[in-house]
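Undergrad: There's a structure below that I have some questions on.
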Amino acid sequence: MVELTDGSVGTVVANHPNRLDPRSPGRPVVAILASADGALLPQAEHVDLTAADRGGIVRGLPAARARELLGSRYPDLV
C-alpha cells in the first residue's frame, strides 16, 4: 500500500517498462482504494501517475495503518 501526495491510498498495479524515463520510477500505475479523507472508494480508480496531475508516491503505508483503513474491504491486500 502506498500514500500519494494528495493523501489518497492505493496499491501499485504496474510499473513502466522504460526505466530510463526520469518520470517513471516514482510514478507507476496505481489502483486508488481510499480518498485523501480516508473514505473507501466504491471501486478502485486506476491512475497512471506519469500521465496524471495527481503527483506521486510519498511513502509506503505502514501495515497497521493499511489494515485499519482498508482491512474491512480488502483483507487479502493488507
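According to UniProt numbering, the residues represented by the sequence shown are 1 to 78, in order. Note that CB positions come from ideal geometry on N, CA and C, so glycine has one too.
Taking the alpha carbon of E50 as the reference point, which residue from R27, R59, R67, E68 has its own alpha carbon closest?
TA: Along the sequence shown, one-based indexing puts residue 50 at 50. At residue 50 the sequence reads Thr, which differs from the Glu that was named. The residue with the shortest Cα to Cα distance from T50 is R27.
Undergrad: Drop a sphere of 10 angstroms on the beta-carbon of E3, count the other beta-carbons inside from all chains shown, and report buried for 16 or more, exposed for fewer.
TA: Taking the first residue of the sequence shown as position 1, residue 3 is located at position 3. E3 should be labelled buried.
Undergrad: Can you name, in chain order, every residue of its own chain whose Cβ lies under 6 Å from the Cβ of V13, other than the five neighbours on each side?
TA: Translated into the one-based positions of the sequence shown, residue 13 becomes position 13. Hits under 6 Å: V29, A31.
Undergrad: Of the choices G7, V9, L33, whose alpha-carbon is the least far from that of Q43?
TA: Position 43 of the sequence shown holds residue 43. Cα-wise, what sits closest to Q43 is L33.
Undergrad: State the beta-bridge partners of L4 as determined by DSSP.
TA: Numbered from its first residue, the sequence shown carries residue 4 at position 4. Its beta-bridge partners are I57.
Undergrad: Report the partner residues of D48 according to the DSSP bridge assignment.
TA: Within the sequence shown, numbered from 1, the residue matching residue 48 stands at position 48. Per DSSP, V29.
Undergrad: On the DSSP bridge list, what partners appear for D12?
TA: In the sequence shown, the residue the question calls residue 12 occupies position 12. Per the sequence presented here, residue 12 reads as Val, with Asp not at that position. DSSP, once it has assigned bridges, lists V30 as partnering V12.
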